[in-house]
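Visitor: Position one of the sequence shown corresponds to residue 2 (the working numbering), numbered consecutively onward. Just so you know, even glycine gets a beta-carbon here, dropped at the ideal spot from N, CA and C. The structure displayed is predicted, hence computed values, not measured ones.
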Amino acid sequence: MAYKMFAAIYVGSSEISMKIYQISSRKTSKQVDGVSKIIELGKDTYSKGFLTTESINQVCDILNGFKKKLKEYQVTDYRAYATSAVREAENSLIVLDAIKRATNIDVRILGNSEQRYMNFKGLVAFYEDFHNVASKNTAFIDVGAGSVQVSLFDKNNMIVTENMPIGAIRVRDYVSIMGSKSGRLDKIINDYVDNDIVTFRNIYLNDKEIKNIVAVGEVVGAIKKIVPELNIGDRIDRQLFDAIYNRIVSMTPLELSETYGIPFERATLMLPNIIIYQCFLNHCKAEEIYVPKVDFTDGILASYMEEGSRTVFGHNFDEDIIASANNINKKYKTNRKHTERTAEFALKIFDCVKKEYGMGKQERLQMHIAALLHECGNFINMHNGAIHSYYIVANTEIIGLSHKERMEIANIIKYNVMYLPSKEQISAELSGCDYVLIAKLAAILRIANILDKSHTQKIEDITVSIKDDQLLISAKTYEDISLEAGLFESRADFFEKVYGIRPVLRLRRGV
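#1: Along the chain, where does the beta strand (DSSP E) containing Arg561 start, and where does it finish?
#2: Figure out for me which residue from Cys61, Ile445, Arg239 has the closest Cα to the Cα of Leu472.
#3: Of the choices Val199, Ile142, Thr46, Lys415, whose alpha-carbon is the least far from that of Asn120?
#4: When the distance is taken between beta carbons, is Pro293 closer than 8 Å to Tyr128?
#5: Judging by CA-CA distance, which residue of Val418, His456, Ser432, Tyr479 is the nearest neighbour of Ala493?
#6: Report the residue from Val499, Leu206, Lys101 whose alpha carbon sits nearest the alpha carbon of Tyr358.
#7: Contact between the segment 332 to 346 and the segment 147 to 156 is defined here as three or more beta-carbon pairs at a separation below 8 Å; is this criterion met?
#8: Where DSSP assigns a beta bridge to Val144, which residues make up the other side?
#9: Suppose contacts are defined by Cβ-Cβ distances below 8 Å. Is Glu1 in contact with Ser15 by that definition?
#10: Buried or exposed for Ser183, going by 16 or more other Cβ atoms inside 10 Å?
#11: Among Met159, Lys209, Thr464, Ile323, whose alpha-carbon lies nearest the alpha-carbon of Cys353?
#12: Can you tell me whether Val36 is helix, strand or coil according to DSSP?
#13: Which first and last residues belong to the beta strand (DSSP E) in which Val419 is found?
#14: Tell me, please, which residues DSSP counts as bridged to Gln471.
#15: Please report the straight-line C-alpha distance between Val36 and Thr298, rounded to a whole angstrom.
#16: From the DSSP output, in three-state form, read off Lys454 for me.
#17: Rounded C-beta distance between Val220 and Met271? I'm assuming under 8 Å.
#18: Taking the beta strand (DSSP E) that Ser18 falls in, what are its first and last residues?
#19: Residues in the same chain with beta-carbon distance under 8 Å from Ser18, minus the five sequence neighbours each way, listed in chain order, please.
#20: In whole angstroms, what is the alpha-carbon distance linking Asp195 and Ile204?
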């Protein structure tokens with residue numbers, strides 16, 4: 002059977018790890034080796050704001066050691082990602098350049114939403130009970146070194162995801178200063194993280210009762226080593242969790258390390274991790290916590306296998322991104338009927354022009370989200386609503402989208418209403434965004450938006466086709482759409498300027 006060797010490399014905040022997988026022609030995978038090294042890059046970044054030369058050199062030494070494994074297994078492809086410790090470092094670009102020069106390994110920095118989304122893909126792909134667990138009200142709690150991502154699911158659909166700056170290393174280093182002076186460290190940590198978790202509960206949970214908690218993160222595997230006499234599996238009930246909690250609270254990091262064979266650096270993160278999970282258990286009133294054997298390198302593999310349709314995981318990841326957008330709409334009380342009708346029309350126009358104008362799946366997703374979110378800023382002030390929508394989208398993480406993709410969506414929304422200057426005039430504010438893509442999708446959004454200008458869905462449906470250098474839009478309606486038709490021509494001018502074809506609106510009465 003034909004197969005290829007693939008390596009997933011993770012430059013994390015408290016460890017650098019690599020797994021080597023064998024991927025078969027039948028779209029299945031098998032781990033054949035794995036190696037990890039503990040290194041607290043997050044300690045540098047969260048306390049100093051940058052990675053020291055010593056830390057950078059350590060990273061390069063570790064990755065050069067990994068290269069021997071790559072050669073041993075004749076690895077033909079790899080993906081290497083860095084997360085918050087490198088992302089938040091002032092010298093992040095210098096770090097990547099140093100790694101490339103010293104190791105010839107290309108490391109890409111993931112934004113927070115990309116990182117958590119990749120972790121989530123690993124759960125969907127390799128956690129057999131995922132769909133069963135997520136069928137009930139479930140909170141996926143991803144405790145990282147710098148922050149915690151909480152994603153709520155119901156009936157296998159993501160309903161909200163939120164990031165909180167209470168990661169294990171950040172909490173440990175911040176509160177240890179106070180803990181060394183007065184009081185019990187576990188009490189101080191509990192008070193420190195509890196406020197954010199209570200705020201999350203009040204905003205997002207209301208009367209919603211969380212049935213399950215799924216714990217993921219770098220330290221989860223070490224937590225399962227505590228109280229070995231109880232033979233902990235992938236499911237921990239409240240009584241067992243309390244036993245683990247009490248054991249961790251009663252021991253020092255050195256004792257945990259020596260007793261259970263946990264690296265000392267990781268043992269120092271056990272207390273903030275277990276307290277974060279306990280706070281969620283208390284406030285969500287869940288009776289069980291699931292601890293799957295899935296880590297970030299599995300997420301890297303899942304993302305890689307999804308590229309080019311290498312495998313299908315039975316889950317529509319785009320729907321999770323769209324759910325995040327709809328949650329923003331709910332928060333800012335947008336007119337849901339209008340935004341959904343605008344999105345419907347925008348996607349029909351997009352699908353008509355996408356092939357000829359070089360756009361694909363990712364651009365379609367951006368078009369969809371831009372159409373859904375184009376009026377969220379009206380909640381702040383209906384005057385200059387597009388500007389307010391721009392700032393909301395620009396400053397709100399949407400899981401699964403990179404910073405660049407999100408900024409492109411923000412600009413599409415902004416220039417849906419405003420005049421789009423030349424690239425040279427706004428190059429600074431675009432900050433690496435694709436100007437041409439913004440123009441293309443903003444032109445579509447202008448047309449789709451005007452087709453429901455009255456916000457009353459007078460046009461029930463449209464069909465779109467290209468003929469004789471015209472974009473023919475046939476609108477089905479029973480009603481008077483003089484407002485929409487009257488404003489259509491002004492929006493058609495910009496579309497023609499971008500695409501070189503003229504939109505033409507034709508009416509067809511409903512039957």
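Guide: Walking through what the data contain:
#1: Outside the displayed range of the chain (2 to 512) lies residue 561, so it cannot be described from this structure.
#2: Sequence index remark: in the sequence shown, residue 472 carries index 471 (1-based). Residue nearest to Leu472 within the set Cys61, Ile445, Arg239 is Ile445 (criterion: CA-CA distance).
#3: As a working mapping, residue 120 is identified with position 119 in the sequence shown. Nearest C-alpha to Asn120: Ile142.
#4: Reading the sequence shown from its first residue, position 127 is the one you call residue 128. Reading the sequence shown from its first residue, position 292 is the one you call residue 293. A contact, by the Cβ cut-off of 8 Å.
#5: Working through the sequence shown from its first residue, we reach residue 493 at position 492. Ranked by Cα distance from Ala493, the first of Val418, His456, Ser432, Tyr479 is Val418.
#6: Position 357 of the sequence shown, counted from the start, is the residue given in the question as residue 358. Answer by Cα proximity: Val499.
#7: Contact fails: fewer than three Cβ-Cβ distances are below 8 Å.
#8: By 1-based counting over the sequence shown, the position of residue 144 is 143. In DSSP, Val144 forms a bridge with Val149, Gly218.
#9: Because the chain spans 2 through 512 in this model, residue 1 falls outside it and cannot be assessed.
#10: Stepping through the sequence shown from its first residue, residue 183 is reached at position 182. Any reading at Ser183 must be qualified, since the residue scores a pLDDT of 49, below 50, and its modelled position is unreliable; the value itself is stated next. Classification of Ser183: exposed, given that the 10 Å Cβ count is below 16.
#11: As a position in the sequence shown, residue 353 is number 352, starting the count at 1. The residue with the shortest Cα to Cα distance from Cys353 is Thr464.
#12: Here residue 36 refers to the residue found at position 35 of the sequence shown. Strand at Val36.
#13: Your numbering for residue 419 matches position 418 in the sequence shown. Val is not the amino acid found at residue 419; the sequence shown has Met there. DSSP places Met419 in no beta strand (DSSP E); its state is neither H nor E.
#14: Mapped onto the sequence shown, residue 471 falls at position 470. Lys468, Arg503.
#15: Position 35 of the sequence shown, counting from 1, holds the residue named residue 36. Position 297 of the sequence shown, counting from 1, holds the residue named residue 298. For the pair Val36 and Thr298, the Cα-to-Cα distance works out to about 11 Å.
#16: Here residue 454 corresponds to residue number 453 of the sequence shown, with the count starting at 1. It is coil, neither helix nor strand.
#17: As a working mapping, residue 220 is identified with position 219 in the sequence shown. As a working mapping, residue 271 is identified with position 270 in the sequence shown. Yes, they are in contact, since the Cβ atoms of Val220 and Met271 sit about 6 Å apart, within 8 Å.
#18: In the sequence shown, counting from the first residue as 1, residue 18 sits at position 17. Looking at the DSSP string, the run of the beta strand (DSSP E) that includes Ser18 is 16 to 25.
#19: By 1-based counting over the sequence shown, the position of residue 18 is 17. If you ignore the 5 residues before and after Ser18, its C-beta comes within less than 8 Å of the C-beta of Ile10, Tyr11, Gly35, Val36, Ser37, Lys38, Asp296, Phe297, Thr298, all in its own chain and listed in chain order.
#20: The residue you call residue 195 lines up with position 194 of the sequence shown. The residue you call residue 204 lines up with position 203 of the sequence shown. Computed Cα separation, rounded: 14 Å.
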